[in-house]
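Inspection log for the structure reproduced underneath, given as structure tokens.
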Amino acid sequence: MPKVGTVLSLLSLLIGWIIVTSLSCSQPPQTGEELANVYCASCHQFPDPGLLDKKTWQTGVLPRMALRLGFITDTLNLGKHQAQLEEQARGVQLGYLPAQPVLSVADWKKIVAYYAETAPDSLPHTPAPVVGALPLFTPRSPTDSLLSLTTFLHIDPATQTLSVGTSRGDLFKFDSHLNRRDSLHFSSAISDVKSWQGNGKMGYLLMGIMTPNDKKAGSLQEFGRSNPLIDSLYRPVQVSVGDLNHDGQTDLVVCEYGHNVGQLSAFFRAGNGYRKTVIDPAPGARQAIIRDLNADGWADMLVLFAQGDEQVTLFTNQHDGTFQKKTLLRFPPVYGSSYLELADINGDGQPDLICTNGDNADYSQIVKPYHGIRVYLNDGKFGFKQAYFYPMPGAGQVLARDFDNDGDLDLAAISAFPDFSKNKPQVFVYLENKGKLTFTPRSFASADAGRWLVMTAGDLDHDGDEDIALGAYVRTLSPTPAAWNTRWQTTKAGLLVLNNQYKDSGVVAQMKGR
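Per full-length UniProt numbering, the sequence shown starts with residue 1, numbered consecutively.
In structure tokens form, the structure reads like this:
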């Protein structure tokens with residue numbers, strides 16, 4: 001199997017060949033816009049200047065893109081200049097940066113001028129939505145305070161337990177009354193936990209290093225086992241399970257998000273171990289949903305890529321251990337794709353896509369009016385068209401569930417990068433489905449008690465309805481007002497459970513009447 005660096009080097013050469021060939025076979029680009037359409041769209045969707053303001057383009061994004069095209073931009077600051085040289089050397093070694101500029105200095109300056117002259121001075125502000133009360137849920141906190149370092153949540157209705165993973169490698173288990181019952185400790189941040197081996201043992205996915213990096217420090221561990229089940233993973237964020245090759249054994253798909261390098265990997269069960277196959281050598285794999293999507297009896301994959309070339313991709317099983325790739329949705333690289341749900345939102349029997357765009361921890365940390373929740377309807381042939389948008393700066397995750405038990409799917413969403421200029425930053429919203437793709441936004445008074453990074457849903461108290469758990473993470477992710485940082489760090493509200501009150505008929509009537 002070729003190494004990722006080798007594959008990326010080949011991809012870089014291919015991109016260069018495509019650019020050179022396209023220029024030689026047609027009129028060479030002359031203007032900044034023409035050059036941007038060639039060079040800036042060679043690795044991801046073309047970024048329109050209107051997506052960011054002038055300052056953010058000039059000081060945040062373009063200096064980073066210069067490195068991608070082979071330029072060192074900071075020659076006046078010795079420390080920064082040396083850091084860029086070192087980063088370029090690493091990038092060349094790993095195959096994601098060119099050793100030499102791929103265009104002339106004059107042409108690069110045209111691209112910079114195009115964005116500086118065309119981009120707006122500021123982006124339009126999204127008006128604060130009118131949000132109603134949320135009597136359907138009652139917020140509850142654990143009896144023991146929990147630091148706001150949450151990276152993983154899971155509700156197990158069968159055992160009525162809530163698992164909480166942290167960036168310090170702790171895994172806590174709470175009962176339905178939110179009393180802490182058990183704990184484990186691992187060497188690094190926990191990003192996912194799955195059970196698939198049939199022996200009751202769990203697999204724990206560890207990121208290795210949580211901050212952006214290109215090291216193979218992640219692993220899949222089994223508690224009590226001296227060696228990892230799988231090691232040398234690029235900052236893994238999710239493991240999915242399913243029988244990919246029809247041999248009756250459970251295989252694994254790991255989203256190795258990484259940073260500049262990463263990959264989507266399948267691990268086929270082979271004897272007592274696993275045989276690794278790289279499905280896609282691109283970084284940024286965030287989620288993999290394993291399901292038979294074309295009704296041929298074989299498991300396919302729907303994958304969200306959220307780094308650089310942001311997209312939702314279908315990998316159709318070819319019945320021979322390989323998958324055919326088809327891009328279903330593609331987003332500009334500043335959209336901040338963050339989560340994906342596959343669910344029938346309009347009740348026509350076809351699975352639709354519900355996405356959040358809102359990751360704002362990169363090089364353009366401004367409030368963006370296009371951040372939010374999007375619903376894409378399935379045309380029955382796995383073609384998708386946007387049918388609904390709810391603006392929510394920093395939207396990080398969405399869940400589609402029938403929370404009020406009325407036969408349709410409602411939406412719950414969180415944001416870790418809200419608009420702090422608002423008196424009440426929107427960090428949680430519940431969208432009550434009113435039919436025909438109309439939703440009523442709701443929230444609760446103490447929603448801003450935490451900076452919610454992760455969320456899950458399930459029947460924690462075994463009363464027949466879906467509860468919601470919110471996990472907070474307060475270490476600095478982006479520019480945050482000091483007052484909010486201080487508040488979140490002192491409250492230690494690392495976990496909040498929204499207990500569903502559906503059985504209270506008065507609550508349901510109250511919501512339906514509004």
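Ideal Cβ positions, reconstructed from N, Cα and C, are used throughout, including at glycine.
Q) If you draw a straight line from the alpha carbon of S338 to that of G258, how long is it in whole angstroms? A) Locating residue 338 in the sequence shown gives position 338, counting from the first residue. Locating residue 258 in the sequence shown gives position 258, counting from the first residue. Going by the C-alpha atoms only, they are around 15 angstroms apart.
Q | Residue from L78, E34, S148 with nearest C-alpha to R487 | A | For this step, residue 487 is matched to residue 487 along the sequence shown. Selected option, being the one with the closest Cα: S148.
Q: Just the C-alpha distance for P393 and Q426, rounded to the nearest angstrom, thanks.
A: On the sequence shown, residue 393 is found 393 positions in, with the first residue counted as 1. On the sequence shown, residue 426 is found 426 positions in, with the first residue counted as 1. Whole-angstrom Cα-Cα distance: 8 angstroms.
**Q.** Residue nearest to Y473 in terms of C-alpha spacing, selected from V131, L252, Y390, V164
**A.** Numbered from 1 along the sequence shown, position 473 holds the residue referred to as residue 473. Per the Cα distances, V164.
Q | Enclosing alpha helix (DSSP H) for G32 [first to last residue] | A | Indexing the sequence shown from 1 puts residue 32 at position 32. In the DSSP assignment, G32 falls within the unbroken alpha helix (DSSP H) covering 32-39.
Q) Exposed or buried, D352, counting other C-beta atoms within 10 Å across all chains shown (16 or more means buried)? A) Taking the sequence shown and counting its residues from 1, the one referred to as residue 352 is at position 352. It counts as buried.
Q. Which residues in the same chain as D107 place their Cβ atom closer than 7 angstroms to its Cβ, once the five residues preceding and following it in sequence are excluded?
A. Counting from 1 along the sequence shown, the entry for residue 107 is found at position 107. Hits under 7 angstroms: L35.
Q) Are there three or more Cβ pairs, one per stretch, closer than 8 angstroms when the segment 223-235 is compared with the segment 200-213? A) Judged by pairs of C-beta atoms under 8 angstroms, the segment 223-235 touches the segment 200-213, as three or more such pairs exist.
**Q.** Minimum C-alpha distance to P120 - residue among R269, N500, Y96, K55
**A.** Here residue 120 corresponds to residue number 120 of the sequence shown, with the count starting at 1. The alpha carbon of P120 has as its nearest neighbour, out of R269, N500, Y96, K55, the alpha carbon of K55.
(Q) Quick check on this structure: which residue in I209, S443, T138 has the alpha carbon closest to the alpha carbon of Q501? (A) Residue 501 sits at position 501 when you count from the first residue of the sequence shown. Per the Cα distances, T138.
Q | Buried or exposed by the 16-neighbour rule on C-beta atoms within 10 Å, applied to A99 | A | Numbered from its first residue, the sequence shown carries residue 99 at position 99. Exposed, since its Cβ has fewer than 16 Cβ neighbours within 10 Å.
(Q) Please list the terminal residues of the continuous alpha helix (DSSP H) segment that includes M65. (A) Position 65 of the sequence shown, counting from 1, holds the residue named residue 65. First-last of the alpha helix (DSSP H) with M65: 62-68.
Q: Count the C-beta pairs between the segment 465-484 and the segment 149-169 that are closer than 8 angstroms, then say yes if the count reaches three, no if not.
A: The segment 465-484 makes contact with the segment 149-169; the number of CB pairs closer than 8 angstroms reaches 3 or more.
Q | Residues of its chain near residue 517, where Cβ-Cβ distance is below 7 angstroms and the 5 sequence neighbours each way are ignored | A | Any property of residue 517 remains undetermined from this structure, which presents the chain solely from 1 to 514.
Q. Less than 7 angstroms separating the beta-carbons of A306 and S240?
A. On the sequence shown, residue 306 is found 306 positions in, with the first residue counted as 1. On the sequence shown, residue 240 is found 240 positions in, with the first residue counted as 1. For A306 and S240, no; Cβs fall outside 7 angstroms.
**Q.** Cβ-based burial, P124 [other Cβ within 10 Å; buried from 16]
**A.** Here the question's residue 124 lines up with position 124 in the sequence shown. Burial call: exposed.
Q. In angstroms, rounded to a whole number, what distance separates the CA positions of G308 and P332?
A. Translated into positions along the sequence shown, residue 308 becomes position 308. Translated into positions along the sequence shown, residue 332 becomes position 332. Pairing G308 with P332, the inter-Cα distance amounts to about 8 angstroms.
Q: Using 10 angstroms around the beta-carbon of residue 542, count the other beta-carbons present and answer buried if the total reaches 16, otherwise exposed.
A: The chain is shown from 1 up to 514; residue 542 falls before or after that span and cannot be answered.
Q: Take T327 as the anchor and find which of H154, M301, S421 has the nearest alpha-carbon.
A: Here the question's residue 327 lines up with position 327 in the sequence shown. In terms of Cα proximity to T327, the closest of H154, M301, S421 is M301.
Q: Could you give the DSSP three-state label for K422: helix, strand or coil?
A: Reading the sequence shown from its first residue, position 422 is the one you call residue 422. It is coil, neither helix nor strand.
Q) In chain order, what residues of the same chain have a beta carbon less than 7 angstroms from the beta carbon of C255, not counting five sequence neighbours either side? A) Start at 1 with the first residue of the sequence shown, and residue 255 comes out as number 255. By the criterion of a C-beta distance shorter than 7 angstroms, C255 is surrounded in its chain by P236, V237, Q238, L264, A285, R286, Q287, A288, once the five residues flanking it on both sides are discounted.
Q. Should N378 go down as buried or exposed, given a rule of 16 or more other Cβ atoms within 10 Å for buried?
A. The residue you call residue 378 lines up with position 378 of the sequence shown. Buried is the label assigned to N378, since at least 16 other Cβ atoms lie within 10 Å of its Cβ.
Q. Based on Cα-Cα distance, which residue from N360, E466, G407, T161 lies nearest to L453?
A. On the sequence shown, residue 453 is found 453 positions in, with the first residue counted as 1. Checking every option, the nearest Cα to that of L453 belongs to N360.
Q: Pull up the CB-CB distance for I111 and G50, whole angstroms please, since I reckon it's below 8 angstroms.
A: For the purposes of this step, residue 111 is taken as residue 111 along the sequence shown, with counting starting at 1. For the purposes of this step, residue 50 is taken as residue 50 along the sequence shown, with counting starting at 1. Actually they do not touch by this definition, with Cβ atoms about 16 angstroms apart.
**Q.** Segment contact flag, the segment 454-466 with the segment 386-400, C-beta cutoff 8 angstroms, min 3 pairs
**A.** The count of Cβ pairs closer than 8 angstroms, one atom from the segment 454-466 and one from the segment 386-400, reaches three, so the stretches are in contact.
Q) So, V334 versus L94, is the Cβ gap smaller than 7 angstroms? A) On the sequence shown, position 334 is the one that residue 334 refers to. On the sequence shown, position 94 is the one that residue 94 refers to. No, the pair does not count as a contact, with Cβ atoms beyond the cut-off.
Q. So is L479 buried or exposed if we call it buried at 16+ other beta carbons inside 10 Å?
A. As a first step, residue 479 is located in the sequence shown; it is residue number 479 there, counting from the start. For the sequence presented, residue 479 should be read as Pro rather than Leu. Using a 10 angstroms sphere on the CB of P479, the tally of other CB atoms stays under 16, which defines it as exposed.
Q) Alpha carbon to alpha carbon, how far is F323 from L153? A) For the purposes of this step, residue 323 is taken as residue 323 along the sequence shown, with counting starting at 1. For the purposes of this step, residue 153 is taken as residue 153 along the sequence shown, with counting starting at 1. Per the coordinates, the alpha-carbon of F323 lies some 30 angstroms from the alpha-carbon of L153.
Q: Check each candidate in I279, P283, D251 and name the one with the smallest Cα separation from A270.
A: Locating residue 270 in the sequence shown gives position 270, where the first residue counts as 1. When each option's Cα is compared against that of A270, the closest is D251.
Q: Check G458 in the structure and name its three-state DSSP category.
A: Position 458 of the sequence shown holds residue 458. Strand at G458.
Q | N500 - DSSP class collapsed to helix/strand/coil | A | Working through the sequence shown from its first residue, we reach residue 500 at position 500. DSSP places N500 in strand when its eight states are reduced to three.
(Q) On the DSSP bridge list, what partners appear for D404? (A) Here residue 404 corresponds to residue number 404 of the sequence shown, with the count starting at 1. Paired residues: none, contrary to the question.
Q: May I have the straight-line CA-CA distance separating H246 from W298, to the nearest angstrom?
A: Position 246 of the sequence shown holds residue 246. Position 298 of the sequence shown holds residue 298. Taking the straight line from one Cα to the other gives about 7 angstroms.
Q: Select from V303, S195, P47, D296 the residue whose C-alpha is nearest the C-alpha of L329.
A: Taking the sequence shown and counting its residues from 1, the one referred to as residue 329 is at position 329. Checking every option, the nearest Cα to that of L329 belongs to V303.
**Q.** Between the CA atoms of A66 and G464 - distance to the nearest angstrom
**A.** Within the sequence shown, numbered from 1, the residue matching residue 464 stands at position 464. Within the sequence shown, numbered from 1, the residue matching residue 66 stands at position 66. Spanning the alpha carbons of G464 and A66 requires a straight line of approximately 55 angstroms.
**Q.** Buried versus exposed call for P29 [16 or more other C-beta atoms within 10 Å across all chains shown]
**A.** For this step, residue 29 is matched to residue 29 along the sequence shown. Label assigned to P29: buried.
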